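Protein chains in written order, with my numbering: chain A, 337 to 573; chain B, 172 to 381; chain C, 170 to 376. In this text, a Cβ means the ideal position worked out from N, Cα and C, and glycines have one as well. Since this is a predicted model, take the numbers as computed values, not measurements.
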Amino acid sequence: MIIFKGAAVRAEHPATRQILEPLNLTLAEDRISIIGANGSGKSTLLKLINSLVLPTSGQVLVNGLDTARKGSSVRRAVGFMFTDPLSQLIMPTGREDVELSLRRRHRNAEERRSAAEKVLDRFGLVHLADQSVYDLSGGERQLLALAVVLATEPEVLLADEPTTLLDLRNEERVRRMFRGLEQQVVFTTHSLDFALQADRTLVIDGGRVVFDGKPTEAVAAYRRLSVRDVAHEEPRR
Amino acid sequence: MRGHASLLGAYVERNSLLHAAPLWAKFMPVATLSVLVLMLNSPFATLVGLGLVVLGYLVGARLTLRELVQPLLRMWPLILILGAFQWFRSGPETAFTVVGNIAVCVLAALLVTLTTQSQRLLDGLVFLARPLRPLGVDPERLGLTIALMLRSIPYLVGAAEDSRDAARARGLERNPRALILPVFIGAVAYAHQTGEALAARGLADSDDDG
Amino acid sequence: MQQTNPALHSSPADVSARARRSWNATDLSLIAVFAAVVAVSAILPAIPVGQVGVPITLQTLAIMVTGIVLGPWRAGAALTLYVAVALAGLPIFSQFRGGIGVLFGPSAGYIIAFPVAAVLVGFLARLVFRRLDRHRFLGLFAACTITSLLITHPFGIIGMMINAKLDLGAAIAADVVFLPGDILKNLAAAAIGLSVIKAFPRLQSRP
Chain A
337 MIIFKGAAVR AEHPATRQIL EPLNLTLAED RISIIGANGS GKSTLLKLIN SLVLPTSGQV
397 LVNGLDTARK GSSVRRAVGF MFTDPLSQLI MPTGREDVEL SLRRRHRNAE ERRSAAEKVL
457 DRFGLVHLAD QSVYDLSGGE RQLLALAVVL ATEPEVLLAD EPTTLLDLRN EERVRRMFRG
517 LEQQVVFTTH SLDFALQADR TLVIDGGRVV FDGKPTEAVA AYRRLSVRDV AHEEPRR
Chain B
172 MRGHASLLGA YVERNSLLHA APLWAKFMPV ATLSVLVLML NSPFATLVGL GLVVLGYLVG
232 ARLTLRELVQ PLLRMWPLIL ILGAFQWFRS GPETAFTVVG NIAVCVLAAL LVTLTTQSQR
292 LLDGLVFLAR PLRPLGVDPE RLGLTIALML RSIPYLVGAA EDSRDAARAR GLERNPRALI
352 LPVFIGAVAY AHQTGEALAA RGLADSDDDG
Chain C
170 MQQTNPALHS SPADVSARAR RSWNATDLSL IAVFAAVVAV SAILPAIPVG QVGVPITLQT
230 LAIMVTGIVL GPWRAGAALT LYVAVALAGL PIFSQFRGGI GVLFGPSAGY IIAFPVAAVL
290 VGFLARLVFR RLDRHRFLGL FAACTITSLL ITHPFGIIGM MINAKLDLGA AIAADVVFLP
350 GDILKNLAAA AIGLSVIKAF PRLQSRP
């Protein structure tokens, strides 16, 4: 359960610019998608949940934990997947990276190794585990990043445009993976198909939630909004 | 991001006594030998030291003569200039001792590097840092920071090559700022991005919420 | 910039020695990345600079910029990390040297000087940023040059005296050939450090 209590984010310079207007939301559904234009505040909203960004006013609670006061507990309970898997994978090979994730749970190196093997096996990544992450394809990297995040069994998974860098086939792989997860998943995306694969969809525009409801209706609202905004721009030659 | 060039090139795979020995069992004799030849500071001690090093390379580690001579070849300007200078100043004996001692110490230390995988060397470093815990050095975080450092090297080499190409494309290949500044700006941006990813994975948290 | 979690990024209020112990994720990663920058500057081929194309290596420049950009403690940590990893055996000293043997060579003094120089230049650069609103470039150049003259070169000279058994005069003569190049690199380091701080103003709020 994720609760926003009047949470707002203001820019530091210039201090007047509001990145996210005060937000009151309760996110309880299993799958929640967030759509909106570039710079609309989607990522900021997501990072609020992981305490990567703190609200300048108001509060965000994740399973009862205040993100401002219990930052590291919140981050342990909430996994975060970035758009670019390479910004997330730290060690040279997938196996080492999964083991790194498991450091906190398994102090013993032997235990860690077998736990990592299990995680890799569960995601069907054993055959890639000892290759350099730089030699993997974009899709393989993103699946590996997902495995690395889920290795610690977080209660909530956040994903910031997880399929933006992927081709259609790999997007389908990630989407299928998402469908099978038991965690609550909140993700942002530019793929309207992907956005439909949710129980609830938020449309963000200019730092405000302009629509909140059924995915099909949200996508329609987002389309109308985009067309309206672009319509008054003069076409140039 | 570019492919990852391996820096871990020093290790030479062999099946030998020294390869199998634990790190401390190699490090201690090397340190002792180095300190001894430097303290005794006599041509005889240097000669014995050289003999031991040669024995260590050829027998202890089963390395080839070439692998023994190679590091010396890399040091030849130093050996030549310093040797000639000391000969001229204080005579051949001193020249032999000074240059010979440097050779003994460098070769002996290199023997550890040649026979130990770099991951084990770094584990050794993290282990050595354990007594520093009261000073605020957390071995766990040190290991992570070393991993981050090694991961950044290929990225930065790539970034430096890119900025060289970009500078050349703009006709600025002799302008130090156009060559160097983008690498530093890129490094800071990369560090911030990595820091955020670390935080998101809860990896850099030293302890629980206080 | 948006308000980010102070546990991840620096906040201006957080200026004390305490900050040293509470290094956050971004600090750790800045330390690691700048240790790597210094390593890369040592192993990358020298670049030709200026009309005649004199090839220069950039290691001392990288150390000065690290001090200016990270401030004394993080820069000192970055350079300590670099030296420790290189001494442990990774070939990331110049000419792909590495291992504890370097401590017995004539360049040992310069290498021991690296972390000390980073701390001093970082400390002086913070003074420049705090006290000067104009002429910051000159201030940073002075900070770098004071560090060269007070730390890098004296340490280097002492190292050559001990390891190569040179007397003071000979060691100074061997050292002084690097001085003109270092002055030029300090000019570049001041300019680059200033530009990096302009691009990331948040960096200088941390000691």
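Sequence-distant Cβ neighbours of residue 429 of chain A in its own chain, meaning closer than 7 Å and more than five residues away, are 465, 466, 467, 468 and 469. With distances taken between CA atoms, residue 193 of chain B lies nearest to B:288 out of B:288, B:374, B:310 and B:297. For residue 310 of chain C, there are no C-beta contacts with chain B under 8 Å, since the nearest C-beta of that chain is about 15 Å from it.
Under the 7 Å criterion on CB atoms, residue 286 of chain B is classed as non-interfacial with respect to chain C. Here residue 341 of chain A carries a strand assignment [DSSP, helix/strand/coil].
Those residues of the segment 410-423 of chain A placed with their C-beta closer than 7 Å to a C-beta in chain B are 411, 412, 416, 418, 422 and 423, ordered along the chain. Counting only runs of 3 or more residues that sit fully inside the segment 220-297 of chain C, the beta strand (DSSP E) segments are 223-225, in chain order. Close partners of residue 426 of chain A in chain B (Cβ separation under 9 Å): 315, 318, 319, 322, 365, 368, 369, 372 and 374. Just so you know, the alpha carbons of residue 225 of chain B and residue 264 of chain B end up roughly 21 Å apart. By the rule that beta-carbons nearer than 7 Å mark a contact, residue 334 of chain C touches chain B.
The segment 199-215 of chain C and the segment 313-324 of chain B touch, with three or more beta-carbon pairs separated by less than 8 Å. Residue-level contact check: residue 328 of chain B touches chain C, since one or more beta carbons of chain C fall below 7 Å from its beta carbon. Residue environment for residue 496 of chain A: buried (at least 16 other C-beta atoms within 10 angstroms of its C-beta).
Remark: three or more beta-carbon pairs, one from each stretch, lie closer than 8 Å, so the segment 520-529 of chain A and the segment 360-377 of chain A are flagged as touching. According to DSSP, residue pairing for residue 354 of chain A in a beta bridge involves A:346.
At least one beta carbon of chain B lies nearer than 7 Å to the beta carbon of residue 388 of chain A. In chain order, 205, 273, 276 and 277 make up the part of chain B whose C-beta sits under 7 Å from the C-beta of residue 273 of chain C. Separation of residue 363 of chain C and residue 302 of chain C (C-alpha to C-alpha, rounded to the nearest whole angstrom) is 12 Å. DSSP places residue 495 of chain A in the uninterrupted beta strand (DSSP E) bounded by 492-496. Chain-ordered, the chain B residues with CB closer than 8 Å to the CB of residue 203 of chain C read 358 and 362. DSSP places residue 317 of chain B inside the alpha helix (DSSP H), whose first and last residues are 310-340.
At the C-beta level, residue 346 of chain A and residue 403 of chain A stay beyond 7 Å of one another. With its beta carbon less than 7 Å from one in chain C, residue 347 of chain B belongs to the interface. Residue 537 of chain A: member of the beta strand (DSSP E) spanning 536-541, first to last residue. DSSP lists A:341 as the bridge partner or partners of residue 395 of chain A. Boundaries of the alpha helix (DSSP H) around residue 294 of chain B: 289-299.
Under the DSSP assignment, residue 549 of chain A falls outside any alpha helix (DSSP H), being part of the beta strand (DSSP E) whose first and last residues are 544-549.
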